[in-house]
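Undergrad:
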Amino acid sequence: MPDLRPLALGAAEADSSAALPASTAADAQAQLRHRLLQRLLEVIPGIITYGLILSPIALSILWPQVVAWAVLTFDVYWLYKAVMLTSSVFVASLKVRATLAVDWRVRTMALADLPARRADLARRIPLVEERVARLAADGNRLAAAGGRRELARLQMERTSVERLQARRSGAIPDPDRVWHVALIPTYTEPYEKLEATVRALAEADWPRERKMVAIITRETDLAGRENVARLRRQFGGQFLHFLHILDPLVPGIVVGKSSAMAYGGRWLYRRLVELGFDPAEVVVTDLDSDYRVHPSYFGYLTWTFVTDPDRYRRLFQPVPMFHNNLWDTPMAVRLVAIGATHVQMWRSLTPEKLISFSSYSVSLQTLHEVDYWATDAIPEDSRFYWKAFFRYSGEFQAMPLFIPIYGDAVRARSYPRTLVEQYLQIRRWAWGVTDIPYYIHNAFAHSEIPRLTRIRRLVDLWLDHINWAIAPFVIIFGSNLPLLLNPAFAETTLGQNLPVYASWLLTGAFCCLAILMHVEERLAPPRPASWGVARNVVSRLQWLLLPVVGLIFSNLPALDAQTRLMTGRYLEYKVTPKA
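Numbering (the working numbering), first residue to last: 83 to 661.
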């Protein structure tokens, strides 16, 4: 049984409470009850997960039919999930391609004068139509196809401009009055990683005078401080401001990215206000030190930000693609990285379920109103989302940006160490299960949020973590348990057909990999030219290992995280190497 005691009180400490003032004793009792409730909420997710994993063993002996139908139902559910994931990834990839085909800087600046832009589009569209018709008549099919794509983009922009002009939600802010700050926490990352990240920011297609960089290092990190000094000398002239934030590691915090961002965010707010900036006109991008923005990122982000009437109740989430070193990593790590990208693409099509992940953008005004990131949590991204969700009484939402932001997959100094670090990274991501107790506490405290909304979001959050931990056990072992543990059931019609039905369903789910492979081939960078035929073939057959890799490097870390939370063995933040 997990230890539910909130404090380890000695006898002398317990006896001394009688001498405390009434108010102090009452506070101590309140803290005790709060801690007991907190531990109970931390234990429940693990108990439910282990119950779902272990209960089929007993039920296979007593009621094997129940297990059989439950397994088939779960397999149908996973076939549905596989189809939805595949179709969502395919649709999201088309949206990404369409986004990257637009000159977002031009389109965004045109928002300053919508009537003039509408008139310009009205003039250009007939000209393009005429040119496409002429090219088609001359038999230039490829050129005509390119012209039709450009025509479609212009027509979509015209529709967007017309909708913005007809909107009654007030004037669109001037894009010239939006400044971007990349807030980058770093600890132990090599200079080369930081240099690539800052270079991508400097080369992004957005005016120098409206881009800023703020890098957070620990006061004691002398190597990190030297790296920032070198970066400032190299790139300082390509930004309006190049800021260096020294984090003193305030006592009482949980050391990690979240607490570093909390300190850096407050420092940044004070500094920019001193410099005369309006926080409502500043957009902060929480940028991991190995992430590289797409050249069109700030233009697209600015357009999305200024055209959203609820921009201060929004978080803007790009699609993370771990492509920077994709072909330098072991096959198992590569599959995990690809899977993480596909899951985020899928979630981007369901904004009502999307939450922040890794790197994202939000208004500085919103950051200040939410009181920045948590200082007592490891899952910085998801915890910030839920903190803002409750701060704004359920009116906060993550908006997808269909534009890639490129990160590094895990890569340590050796092959075995890389695999270990991959496991540890996924376990840290799965530590987001700690959001469940946080959510339940706040859901009771915020009765102004509709009850159905609170229940629905909790169910979504909980199901994500349950599926993460139990799915492979049910899929791989579920259909065999009743047959192995109950030989009599194996002789029945249902018992004989159970493996066949389960195999059909899982084969259907596995066939979806063909579409995912096609999408990934279009998204991923080219394979190294030095690779021979054998490595090229193996890199395409890697998908066959997905079930095993998913079990070891995704599901087991999730179960590990829930087990640790259940038993009170809390994680400490650890930087993932990406050499």
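Just so you know, even glycine gets a beta-carbon here, dropped at the ideal spot from N, CA and C.
Are residue 263 and residue 238 touching if we call contact CB-CB under 8 Å?
TA: For residue 263 and residue 238, no; Cβs fall outside 8 Å.
Undergrad: Per DSSP, which one or two residues make a beta bridge with residue 495?
TA: In the DSSP assignment, no residue is bridged to residue 495.
Undergrad: Alpha carbon to alpha carbon, how far is residue 609 from residue 616? Give it in angstroms, no decimals.
TA: 12 Å
Undergrad: Using alpha carbons as the reference points, say which of 261, 558, 247, 279 lies closest to residue 489.
TA: If we check each option's Cα against that of residue 489, 279 comes out closest.
Undergrad: Whose C-alpha, out of 538, 388, 493, 166, is nearest the C-alpha of residue 193?
TA: 388
Undergrad: Can you give the Cα-Cα distance for residue 570 and residue 138, rounded to whole angstroms?
TA: 16 Å
Undergrad: Which runs of the beta strand (DSSP E) spanning at least 3 residues fall entirely within the stretch 384 to 440, listed in chain order?
TA: 396 to 403
Undergrad: Give a yes or no on contact between the stretch 338 to 345 and the stretch 239 to 254, applying the rule of three or more CB pairs nearer than 8 Å.
TA: Too few Cβ pairs lie closer than 8 Å, so no.
Undergrad: So for residue 293, helix, strand or coil by DSSP?
TA: In this structure, residue 293 counts as strand in the three-state DSSP scheme.
Undergrad: Nearest CA to the CA of residue 470: which residue from 563, 483, 456, 482?
TA: Cα-wise, what sits closest to residue 470 is 456.
Undergrad: Do you know how far the Cα of residue 154 is from the Cα of residue 576?
TA: 11 Å
Undergrad: Looking at the secondary structure, which residues open and close the beta strand (DSSP E) in which residue 261 lies?
TA: Unbroken beta strand (DSSP E) run through residue 261: 261 to 267.
Undergrad: Using only alpha-carbon positions, find the residue among 587, 421, 175, 399 that is nearest to residue 408.
TA: 421
Undergrad: Please report the straight-line C-alpha distance between residue 207 and residue 216, rounded to a whole angstrom.
TA: 14 Å
Undergrad: Just reading off the beta strand (DSSP E) that residue 357 is part of, what are its end residues?
TA: From DSSP, residue 357 is part of no beta strand (DSSP E); its letter is neither H nor E.
Undergrad: Flag this pair as yes or no: are the beta carbons of residue 362 and residue 443 separated by less than 8 Å?
TA: Contact: no.
Undergrad: Which residue's Cα is closest to the Cα of residue 520: 384, 630, 460, 400?
TA: 460
Undergrad: How long is the line joining the alpha carbons of residue 180 and residue 581, rounded to whole angstroms?
TA: 43 Å
Undergrad: Does DSSP put residue 517 in a helix, a strand or coil?
TA: Residue state, collapsed to three classes: helix.
Undergrad: What are the start and end residues of the alpha helix (DSSP H) that includes residue 484?
TA: Per DSSP, residue 484 belongs to no alpha helix (DSSP H); it is in the beta strand (DSSP E), 479 to 488.
Undergrad: Taking the CB atoms as reference points, tell me whether residue 306 and residue 269 lie closer together than 8 Å.
TA: The answer is yes: Cβ separation under 8 Å.
Undergrad: Under the three-state reduction of DSSP, which class applies to residue 220: helix, strand or coil?
TA: coil
Undergrad: Name the residue from 337, 561, 447 whose alpha carbon lies nearest to the alpha carbon of residue 355.
TA: 447
Undergrad: Measuring only the C-alpha atoms, how far is residue 536 from residue 400?
TA: 26 Å
Undergrad: Who are the near neighbours of residue 555 in its chain, counting only those whose CB is closer than 8 Å to its CB and skipping five residues on each side?
TA: 135, 637
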